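Colleague: First the structure, then my questions, so here it is.
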Amino acid sequence: MNTAAFVLLAGMLCAYVILDGYDLGVGTLHLFIARTDQERAASFATIGPFWSGNEVVLIAAAGTLFAFFPQAYAASFSGFYLPFMVALWLLMVRGLSIELRGHFRDALWRGFWDAGFGISSFLLTLLMGVTIGNLLRGLPMGPHGYFSGTFTFLLNPYALGVGIFSVIALALHGAAFVRWRVSADSELGARAHNAIVVLWPITLVAYAGITAATMIVHPVHISALWLAPCLGVASLIAARFARSPALCLTATSVFLLALMVSAAGTLYPYLLPSFPIGSGGLDIAAASTPASLPSAFVAIAIGLGAVLLYATLAARRVLSRKV
Amino acid sequence: MDSAVIADRIQFAFTVMFHYLFPIGTMGLAPFIAWYTVKGTRQNDEAAIRTARFWAKIFTINFAVGVVTGIPMEFQFGTNWANFSSVAGSAVGQPLALEGVYAFFLESIFLGIFIYGRSHVSKGFYAFSAVAVWAGAWISGFFIVATDAWMQHPVGYAMLANGKIALTSLPALLLSPFAWWQFAHVMTGALLTGAFIVAGLGAYYLLGNRQTAFGVPFVRAGVIVGAIASLIAIFPTGDRNSVNVTRYQPAKLAGMEGLFHSKRGAPIAIFGMPDVKHQKLIDPVYVPDALSFLAYGNFRANVKGLAEYPADERPPVDLTYYAYHVMVGLGTIFVAIMLTAALLLSLGRLPRARWMLWILMLAMPFPYIANEAGWMVTEVGRQPWIVYGLIRTADAASPNVAAGETVFTTIGFAGMYFIIGLLFMILILRQIALGPEAPERAE
Numbered sequence: 010m011n012t013a014a015f016v017l018l019a020g021m022l023c024a025y026v027i028l029d030g031y032d033l034g035v036g037t038l039h040l041f042i043a044r045t046d047q048e049r050a051a052s053f054a055t056i057g058p059f060w061s062g063n064e065v066v067l068i069a070a071a072g073t074l075f076a077f078f079p080q081a082y083a084a085s086f087s088g089f090y091l092p093f094m095v096a097l098w099l100l101m102v103r104g105l106s107i108e109l110r111g112h113f114r115d116a117l118w119r120g121f122w123d124a125g126f127g128i129s130s131f132l133l134t135l136l137m138g139v140t141i142g143n144l145l146r147g148l149p150m151g152p153h154g155y156f157s158g159t160f161t162f163l164l165n166p167y168a169l170g171v172g173i174f175s176v177i178a179l180a181l182h183g184a185a186f187v188r189w190r191v192s193a194d195s196e197l198g199a200r201a202h203n204a205i206v207v208l209w210p211i212t213l214v215a216y217a218g219i220t221a222a223t224m225i226v227h228p229v230h231i232s233a234l235w236l237a238p239c240l241g242v243a244s245l246i247a248a249r250f251a252r253s254p255a256l257c258l259t260a261t262s263v264f265l266l267a268l269m270v271s272a273a274g275t276l277y278p279y280l281l282p283s284f285p286i287g288s289g290g291l292d293i294a295a296a297s298t299p300a301s302l303p304s305a306f307v308a309i310a311i312g313l314g315a316v317l318l319y320a321t322l323a324a325r326r327v328l329s330r331k332v
Numbered sequence: 048m049d050s051a052v053i054a055d056r057i058q059f060a061f062t063v064m065f066h067y068l069f070p071i072g073t074m075g076l077a078p079f080i081a082w083y084t085v086k087g088t089r090q091n092d093e094a095a096i097r098t099a100r101f102w103a104k105i106f107t108i109n110f111a112v113g114v115v116t117g118i119p120m121e122f123q124f125g126t127n128w129a130n131f132s133s134v135a136g137s138a139v140g141q142p143l144a145l146e147g148v149y150a151f152f153l154e155s156i157f158l159g160i161f162i163y164g165r166s167h168v169s170k171g172f173y174a175f176s177a178v179a180v181w182a183g184a185w186i187s188g189f190f191i192v193a194t195d196a197w198m199q200h201p202v203g204y205a206m207l208a209n210g211k212i213a214l215t216s217l218p219a220l221l222l223s224p225f226a227w228w229q230f231a232h233v234m235t236g237a238l239l240t241g242a243f244i245v246a247g248l249g250a251y252y253l254l255g256n257r258q259t260a261f262g263v264p265f266v267r268a269g270v271i272v273g274a275i276a277s278l279i280a281i282f283p284t285g286d287r288n289s290v291n292v293t294r295y296q297p298a299k300l301a302g303m304e305g306l307f308h309s310k311r312g313a314p315i316a317i318f319g320m321p322d323v324k325h326q327k328l329i330d331p332v333y334v335p336d337a338l339s340f341l342a343y344g345n346f347r348a349n350v351k352g353l354a355e356y357p358a359d360e361r362p363p364v365d366l367t368y369y370a371y372h373v374m375v376g377l378g379t380i381f382v383a384i385m386l387t388a389a390l391l392l393s394l395g396r397l398p399r400a401r402w403m404l405w406i407l408m409l410a411m412p413f414p415y416i417a418n419e420a421g422w423m424v425t426e427v428g429r430q431p432w433i434v435y436g437l438i439r440t441a442d443a444a445s446p447n448v449a450a451g452e453t454v455f456t457t458i459g460f461a462g463m464y465f466i467i468g469l470l471f472m473i474l475i476l477r478q479i480a481l482g483p484e485a486p487e488r489a490e
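Note that the protein sequences, when read in sequence, are chains A and B.
Okay, so the first sequence: first residue is 10 according to the working numbering, each after it adds one.
Okay, so the second sequence: first residue is 48 according to the working numbering, each after it adds one.
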């Protein structure tokens, strides 16, 4: 039961990374690939109908973590107090930027929100990456079972590396998304393609480096997990040489899936391994309340099934036309 | 109380009260949008569709601000109230997770279709998406109220040996009558606010001789819905909530009414200022025996006063008392306003009764105050408990977050929310100035 809950939660986070990942990637990239006001507006329009739905996945995942593993929710959210508060403010700036940009046809107004969208997307991605890096590296636990490290502890080279890698990987994903959403002969599409060409080798090198560093920081104990990096490399190669924009986006999505599977598989069965790795931590059994878990699992799984159904239905209707 | 807990409480109170201003708008306007869309689609009525799309713009701005200010609420359970989350998380975490899964997706996906997808979908599907947005907004409200209701009146749980609370029955939490009456009252409050917004804006258009085709229908729709909602807010929903409080949270009832000492045939104080030091009301104006009747249906029933409860189980009297009296006082005034307006409407004289239009326009902010005051009664009156009778607020905060950190982030939120509030006002006022007559821009 605990494992099933862990898998469902990991699946939700994975969906979040793939879905909101392209939003974040578009945000980080659009200052570079979209030059004119029209192109900027077009890059906002590519994600306009989707971003709030994608962000809901994060809210739902946080709620699911709370329902399944309350102890982990309490320990991590209070431990990451300041970083999470900063993340909240960045989420606000980002949401406002996307929603408010179009309200006035004024160069200063739009320029401000363009920058707000770009900077907040970049910093959010970095922050999320640093958080994942620190989870993988382990966290010092205080006497009450909550994380009790300092801010400087969180800003270590490994976690920062994961953060920068996240920015690069999501930018690649975002470029693939823009190229898919805009018409093929547009200049924006061409620049998105260039971005893929430039980002691709950087992603590949960074991926190799981060994978190696992760194996040092957090030795893997599930032997089948070597399949995930293989899938990652394969999908990355597929993304570069894919014939159509749709295939390329599929490939970058699979790449992110492989990354998340690696991360989740490395952590399992811990939610918050303690630092250094090997000294225990908060695992799925200790973090959950067995008496409450089945009903929460069933209710959330049914709801997610329904969402999957109508979200696919709705997305197909909106996606039938290019920006 | 520990200064960290006080800082956490101030932060939560501030952020939740600011946040709630926006869900009132979405929950209150969603039914209007759905109704106008369905009507417009069925009767091929372009004016109704235009009205729906106008209110949808107001709705979208409210929704966007509601989402960005709402995420901090969910996060704070973990960041500031880690002990509470750890002990009671298996109970309160479930409805919060279900809100995300069952309501947010519905609301955001179908709002996306409603705003962006009109040319992509059939008319029927378009109308359906408006109804789905309404459903999403209200289901979301339900899960939040169900979470709060469980904290007011915990049901379906077991205390475990390790000191944690396990939710043994999710249906008991979701079907709790306490939750459903609270939900009915909260939704009525939101609907009433929506009605005042619609009527007030119509009055503004009529008084300023703008958007003339829409002024009269706005006022009519707002007054009809408002008259009904203002009555339902008092009876049965307000009344049933009082009865539930009487039954399950008697100390809160005593605080609401400023009843310091038990009394057979207890009165209701219409005015009066609580003097906690001397345990009495200053300059009260009483309706004799009324409290006994409202609480127990018997004019001679004994109502327990605050003195009956240990000092560490009494709610803060001042805030609970004033908030309750503000809510009830405003609720009574709303009935008077809406029934008078409805009478004028039925006589066909409302569009020319400028004094009434002025009242309707100026009344717009007051339902917001009444809604916020109502929540203050609920939450402040629950103190000193975070989960009534089970967990004290003083024991619920994060032990690893210092007061200074929370003060710092509270100042951050204050600055952020000041800017958000300013932007919100600019955008809303601009939409009002453009009005439903403005041609739609292609985005």
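Backbone N, C-alpha and C fix where the C-beta goes; we use that ideal spot for every residue, glycine too.
Here the structure is a predicted model, which means the values were calculated and not measured.
#1: Would you mind sorting Leu-217/B into buried or exposed? The rule is 16 or more other CB atoms within 10 Å of its CB.
#2: Run down chain B in chain order and give the residues with a C-beta less than 9 Å from the C-beta of Phe-93/A.
#3: Just reading off the alpha helix (DSSP H) that Val-334/B is part of, what are its end residues?
#4: Within the chosen definition, does the stretch 406-418 of chain B reach the stretch 441-448 of chain B through at least 3 CB pairs nearer than 8 Å?
#5: Output the distance between the C-alpha atoms of Val-226/A and Thr-98/B, rounded to the nearest integer angstrom.
#6: Using C-beta distances below 7 Å, list every residue in its chain close to Leu-390/B, excluding the 5 sequence neighbours before and after it, in chain order.
#7: Determine the direct distance from the alpha carbon of Ser-271/A to that of Cys-23/A, and round the result to whole angstroms.
#8: Compare the beta carbon distance of Leu-213/A and Leu-245/A with 8 Å and say whether it is the shorter of the two.
#9: Leaving out five residues on either side along the sequence, give the residues of the same chain with a beta carbon under 7 Å from the beta carbon of Gly-274/A.
#10: Give the DSSP-derived three-state secondary structure of Lys-310/B in the structure shown.
#11: With a Cβ-Cβ cutoff of 8 Å, do Ile-293/A and Phe-131/A count as a contact?
#12: Which chain B residues are close to Tyr-319/A, counting only those with a beta carbon under 9 Å from its beta carbon?
#13: By Cβ distance below 8 Å, which residues in the same chain neighbour Leu-99/A in space, the five residues on each side in sequence not counted?
#14: If the criterion is Cβ atoms closer than 8 Å, does the pair Met-198/B and Val-434/B meet it?
#15: Grouping DSSP H, G and I as helix and E and B as strand, with all else coil, what is Pro-119/B?
#16: What does Tyr-305/A reach in chain B if we use C-beta pairs closer than 9 Å?
#17: From this set, Ala-84/A, Phe-41/A, Gly-88/A, Pro-303/A, which residue's C-alpha is nearest Ala-180/A's C-alpha?
#18: Can the beta-carbon of Ala-320/A be found less than 8 Å from the beta-carbon of Phe-152/B?
#19: Below 7 Å CB to CB, which residues in the same chain sit around Ala-179/B once its five sequence neighbours on both sides are set aside?
#20: Work out the CA separation of Ile-27/A and Lys-104/B for me, nearest whole Å.
#21: Three-state secondary structure (DSSP) at Gly-210/B?
#22: Rounded to a whole number of angstroms, what is the C-alpha to C-alpha distance between Met-234/B and Val-272/B?
#23: Closest Cβ-Cβ distance between Thr-73/A and chain B: below 8 Å?
#24: How would you write the range of the beta strand (DSSP E) that Gly-30/A sits in, first residue to last?
#25: Pick out whichever of Arg-294/B, Lys-324/B, Trp-181/B, Val-373/B has its Cα sitting closest to the Cα of Ala-316/B.
#26: Starting from the C-beta of Ala-237/B, find all residues in its chain whose C-beta is less than 6 Å away, skip the five residues before and the five after it, and write them out in chain order.
#27: Let me know the secondary structure DSSP gives Met-374/B once reduced to three states.
#28: Of all the CB atoms in chain B, is at least one closer than 8 Å to the CB of Gln-47/A?
#29: Which residues in the same chain as Arg-267/B place their Cβ atom closer than 7 Å to its Cβ, once the five residues preceding and following it in sequence are excluded?
#30: What are the residues in the stretch 97-108 of chain A lying within 8 Å of chain B by C-beta distance?
#31: Could you tell me whether any Cβ in chain A is nearer than 8 Å to the Cβ of Ala-111/B?
#32: Using only the alpha-carbon positions, how far apart do Gly-451/B and Thr-457/B sit?
#33: Quick check: is the beta carbon of Arg-326/A nearer than 8 Å to any beta carbon in chain B?
#34: Could you tell me which residues DSSP puts in a beta bridge with Leu-239/B?
#35: So is Asp-29/A buried or exposed if we call it buried at 16+ other beta carbons inside 10 Å?
#36: Are the Cβ atoms of Ala-383/B and Leu-407/B separated by less than 8 Å?
Modeller: Looking at the coordinates:
#1: The count along the second sequence starts at 1 and reaches residue 217/B at position 170. Label assigned to Leu-217/B: buried.
#2: Against the first sequence, residue 93/A aligns to sequence position 84. Those within 9 Å of Phe-93/A in chain B are Phe-122, Gly-125, Thr-126.
#3: The residue given as residue 334/B occupies position 287 in the second sequence. Element bounds for Val-334/B: not the alpha helix (DSSP H) but the beta strand (DSSP E), 327-334.
#4: no
#5: In the first sequence, residue 226/A corresponds to position 217, counting from 1. In the second sequence, residue 98/B corresponds to position 51, counting from 1. For Val-226/A and Thr-98/B, the distance between alpha carbons rounds to 59 Å.
#6: Locating residue 390/B in the second sequence gives position 343, counting from the first residue. Same-chain partners within the cutoff: there are none.
#7: Locating residue 23/A in the first sequence gives position 14, counting from the first residue. Locating residue 271/A in the first sequence gives position 262, counting from the first residue. C-alpha separation (whole angstroms): 11 Å.
#8: As a working note, residue 213/A is residue 204 in the first sequence. As a working note, residue 245/A is residue 236 in the first sequence. Cβ atoms of Leu-213/A and Leu-245/A: closer than 8 Å.
#9: Here residue 274/A is taken as the residue at index 265 of the first sequence, counted from 1. Contacts found: Ile-231, Leu-234, Ala-237.
#10: As a first step, residue 310/B is located in the second sequence; it is residue number 263 there, counting from the start. Strand.
#11: Along the first sequence, read from residue 1 onward, the residue named residue 293/A stands at position 284. Along the first sequence, read from residue 1 onward, the residue named residue 131/A stands at position 122. In this structure, Phe-131/A does not lie closer than 8 Å to Ile-293/A by Cβ.
#12: In the first sequence, the residue the question calls residue 319/A occupies position 310. Neighbours of Tyr-319/A on chain B, chain order: Phe-152, Leu-153, Ile-156, Phe-157, Ala-179.
#13: In the first sequence, counting from the first residue as 1, residue 99/A sits at position 90. Same-chain partners within the cutoff: Ser-129, Leu-132, Leu-133, Leu-136.
#14: Reading the second sequence from its first residue, position 151 is the one you call residue 198/B. Reading the second sequence from its first residue, position 387 is the one you call residue 434/B. Contact flag set, yes.
#15: What you label residue 119/B is simply residue 72 of the second sequence in a count that begins at 1. Correct three-state label for Pro-119/B: helix.
#16: Against the first sequence, residue 305/A aligns to sequence position 296. In the sequence as displayed, the identity of residue 305/A is Ala instead of Tyr. Correct list: Ser-137, Gly-140, Gln-141, Ala-144, Leu-145, Leu-214, Leu-217.
#17: Taking the first residue of the first sequence as position 1, residue 180/A is located at position 171. The residue with the shortest Cα to Cα distance from Ala-180/A is Phe-41/A.
#18: Here residue 320/A is taken as the residue at index 311 of the first sequence, counted from 1. Here residue 152/B is taken as the residue at index 105 of the second sequence, counted from 1. Their beta carbons are under 8 Å apart, which means Ala-320/A touches Phe-152/B by this criterion.
#19: Position 132 of the second sequence, counting from 1, holds the residue named residue 179/B. Here the set comprises Leu-153, Phe-157.
#20: The residue given as residue 104/B occupies position 57 in the second sequence. The residue given as residue 27/A occupies position 18 in the first sequence. C-alpha separation (whole angstroms): 29 Å.
#21: Taking the second sequence and counting its residues from 1, one reaches residue 210/B at position 163. DSSP places Gly-210/B in coil when its eight states are reduced to three.
#22: Counted from its first residue, the second sequence places residue 234/B at position 187. Counted from its first residue, the second sequence places residue 272/B at position 225. Taking the straight line from one Cα to the other gives about 13 Å.
#23: As a first step, residue 73/A must be located in the first sequence, where it is residue number 64. For Thr-73/A, the answer is yes, since a Cβ of chain B falls inside 8 Å of its Cβ.
#24: As a first step, residue 30/A must be located in the first sequence, where it is residue number 21. Counting along the chain, Gly-30/A falls outside any beta strand (DSSP E), though it belongs to the alpha helix (DSSP H) covering 11-42.
#25: As a position in the second sequence, residue 316/B is number 269, starting the count at 1. Closest by alpha carbon: Val-373/B.
#26: Position 190 of the second sequence, counted from the start, is the residue given in the question as residue 237/B. Closer than 6 Å at Cβ, skipping near neighbours: Ile-71, Met-74, Gly-75.
#27: Within the second sequence, residue 374/B is the residue found at index 327, counting from 1. Three-state DSSP puts Met-374/B in a helix.
#28: One-based indexing of the first sequence puts residue 47/A at position 38. Cβ-Cβ to chain B under 8 Å: no for Gln-47/A.
#29: In the second sequence, the residue the question calls residue 267/B occupies position 220. Taken in chain order, the residues that qualify are Leu-392.
#30: Leu-97, Trp-98, Leu-100, Met-101, Gly-104, Leu-105, Glu-108
#31: Sequence index remark: in the second sequence, residue 111/B carries index 64 (1-based). With 8 Å as the cut-off, Ala-111/B counts as an interface residue toward chain A.
#32: Taking the second sequence and counting its residues from 1, one reaches residue 451/B at position 404. Taking the second sequence and counting its residues from 1, one reaches residue 457/B at position 410. One C-alpha to the other measures close to 10 Å.
#33: Here residue 326/A refers to the residue found at position 317 of the first sequence. So, interface residue.
#34: Here residue 239/B is taken as the residue at index 192 of the second sequence, counted from 1. BP columns for Leu-239/B are empty, so no partner.
#35: Against the first sequence, residue 29/A aligns to sequence position 20. Asp-29/A is buried by the Cβ-count criterion.
#36: One-based indexing of the second sequence puts residue 383/B at position 336. One-based indexing of the second sequence puts residue 407/B at position 360. No, the pair does not count as a contact, with Cβ atoms beyond the cut-off.
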